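Protein chains in written order, with this note's numbering: chain W, 83 to 364; chain R, 62 to 397.
By construction, the Cβ of each residue, glycine as well, lies at the ideal position given by its N, Cα and C atoms.
As the structure is a prediction and not an experimental result, all values here were calculated from the model.
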């Protein structure tokens with residue numbers, strides 16, 4: 083009954099919800115871990131960090147989500163911000179529920195380009211998903227192929243920081259310099275205080291031969307870019323992942339284009355040299 | 062491609078051999094002409110048809126179609142592919158051209174749309190050369206013509222009591238061959254007898270190359286001036302034969318439901334509105350830029366053919382009487 087994904091790209095493949103977990107203190111962010119119902123599908127589902135899926139709940143609809151798990155993990159993790167009707171329904175899902183998945187969709191962080199370079203990974207708010215996937219993958223598989231790894235992750239409050247267990251683990255990982263920041267002082271908070279762009283300006287990074295990967299709210303990105311350019315990182319070495327309203331996910335339905343590029347198919351990962359030539363519709 | 066001359070009677074007789082096909086032709090109902098299912102016997106003997114007010118898009122990308130049925134809380138789902146064999150006769154060269162534009166989106170670009178492909182591959186499209194220009198037609202001003210095959214399976218030329226058929230589809234050509242008075246292998250339209258093809262003195266529209274339009278992306282003032290007349294009703298994109306943008310939604314029918322796709326339009330606010338409230342194209346300024354650039358820059362840039370066919374339907378439909386020809390001219394002369 084299930085047609086292979088490549089024959090009919092509109093048909094979701096069935097997934098079982100294996101685990102759910104609130105990620106933020108305000109319960110607006112929830113992670114889901116999914117497994118494939120059909121045998122052998124996990125092996126067929128080859129993705130790379132940066133790619134996304136369309137998750138569907140029959141009767142409610144579909145929404146796109148960046149994959150937060152790394153390719154080496156068995157389960158597929160997504161983190162969902164409760165915003166519209168589909169994401170509200172996703173938040174109501176529980177262990178054992180069946181959902182649909184289409185993907186993997188879109189392009190990925192061009193990791194081959196990063197060989198021998200430093201990486202400066204910058205995340206604000208809940209945009210951390212695919213960057214977390216990438217970082218996990220990096221530490222596991224690519225650690226010896228890149229030089230320094232600096233990672234800034236910021237949130238409004240300590241309780242809003244995504245993937246706290248992962249961050250704890252990374253704190254003690256000598257391979258990675260971790261900078262966690264929140265918007266203002268909080269009792270018990272021993273990390274940095276300040277907005278992401280200001281922290282980025284202060285972090286001592288070897289900017290020679292460095293790639294920056296940056297994800298976050300548009301305002302954060304807009305304020306961070308100048309700081310990176312000031313440090314001498316060229317535009318074509320600054321990558322970001324864009325979000326747009328999407329439907330088909332395969333470049334057919336027309337809505338997510340920015341100029342002649344489709345965010346779903348040609349993106350979601352773009353570098354700033356590319357974005358400069360496109361209308362500022364993001 | 063093969064050019065054949067047949068008597069009208071024989072041509073109609075040849076069509077009768079397509080008995081396993083549903084036949085569609087333009088048919089008038091009150092003030093609208095749309096493609097309707099008819100029988101071969103109902104075809105007008107002179108093989109003349111009115112131009113469709115709605116385009117051929119309806120038969121290949123219906124206003125609403127079911128992608129699949131599902132059972133709620135279950136993994137069962139049933140895809141629906143329309144494999145009906147259709148012979149569509151009486152479309153115009155601009156309609157065939159529009160199908161080439163739709164093909165470029167649905168059949169190219171790395172992913173295939175099985176719903177569109179199924180309809181397209183099971184259809185034969187026979188166009189007729191136009192005998193006159195309608196008030197709003199402007200294919201010739203885009204360098205296209207009322208007598209071009211444009212990727213149709215065949216185009217029919219009116220030669221009095223005979224018809225000339227230029228067939229791009231070899232299977233169709235073979236079927237017609239048995240009924241033909243004469244046949245010859247040709248390379249293009251200019252090598253064949255096309256009967257009385259309409260022609261007129263026309264000024265070519267100043268359409269630029271796709272890349273030449275790119276800098277206009279950043280000219281806010283240009284799009285502000287164009288948007289000022291527009292109501293954002295979307296009638297242009299609904300009737301446009303090449304506007305293909307669609308929405309996907311779920312419909313619940315009790316314990317079962319269906320996922321459908323329906324026409325959408327870049328002229329609507331909701332089209333790009335995100336759940337967060339952010340809208341990357343918040344006003345008609347951005348939407349007009351999108352619509353114009355999509356047709357005249359992005360499609361040509363990505364697929365090598367213009368996204369406008371010059372059919373003129375948007376001119377007729379627009380309640381503000383916005384004339385896309387004037388917009389093309391205005392954009393060409395805009396200096397900031």
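| Item | Value |
| --- | --- |
| Chain R within 8 Å of residue 128 of chain W, Cβ atoms only | no |
| Exposure label - residue 342 of chain W; buried when at least 16 CB within 10 Å | buried |
| Burial state of residue 298 of chain W, where buried means 16 or more other Cβ atoms lie within 10 Å | buried |
| Buried versus exposed call for residue 348 of chain W [16 or more other C-beta atoms within 10 Å across all chains shown] | buried |
| Listed by chain order, chain W residues near residue 333 of chain R by CB distance under 9 Å | 326, 327, 337, 338, 363 |
| Beta carbon of residue 302 of chain R nearer than 8 Å to that of residue 117 of chain R | yes |
| Neighbouring residues, chain R, relative to residue 332 of chain W (Cβ below 7 Å) | 172 |
| Minimum length 4: unbroken alpha helix (DSSP H) runs contained in the stretch 230-299 of chain W | 246-253, 278-284 |
| Buried versus exposed call for residue 380 of chain R [16 or more other C-beta atoms within 10 Å across all chains shown] | exposed |
| Min CB distance residue 353 of chain R to chain W below 8 Å | no |
| Proximal chain R residues relative to residue 165 of chain W, where beta-carbon distance stays under 7 Å | 336, 337 |
| Nonlocal neighbours in the same chain, by C-beta distance under 8 Å from residue 214 of chain R, ignoring five residues either side | 185, 186, 187, 228, 229, 230, 233 |
| Residue 190 of chain W, DSSP secondary structure in three states | coil |
| Beta-carbon separation (whole angstroms), residue 310 of chain W vs residue 282 of chain W, contact threshold 8 Å | 7 Å |
| Same chain only: Cβ atoms within 8 Å of residue 154 of chain R, ignoring 5 sequence neighbours per side | 188, 190, 191, 200, 205, 206, 207, 208, 209, 210, 211, 213, 216 |
| Proximity test, Cβ basis, 8 Å: residue 318 of chain R and chain W | yes |
| Entirely enclosed alpha helix (DSSP H) segments - the stretch 297-332 of chain W, minimum 4 residues | 300-312 |
| Span of the alpha helix (DSSP H), counted from its first residue to its last, around residue 115 of chain W | Looking at the DSSP string, residue 115 of chain W is not in any alpha helix (DSSP H); the run it does join, the beta strand (DSSP E), is 111-118. |
| Buried or exposed (CB count within 10 angstroms, at least 16 for buried), residue 105 of chain R | exposed |
| Proximal residues, the stretch 252-279 of chain R versus chain W, C-beta separation under 9 Å | 271, 275, 278, 279 |
| Contact with chain R by residue 89 of chain W, beta-carbon distance below 8 Å | yes |
| As assigned by DSSP and simplified to three states, the class of residue 71 of chain R | helix |
| Within the stretch 206-266 of chain R, ranges of the alpha helix (DSSP H) (whole runs, at least 4 residues) | 231-238 |
| Residue-level contact to chain R via CB, residue 350 of chain W, 8 Å cutoff | no |
| Residue range of the unbroken alpha helix (DSSP H) whose run includes residue 228 of chain W | No alpha helix (DSSP H) contains residue 228 of chain W, which DSSP labels as neither H nor E. |
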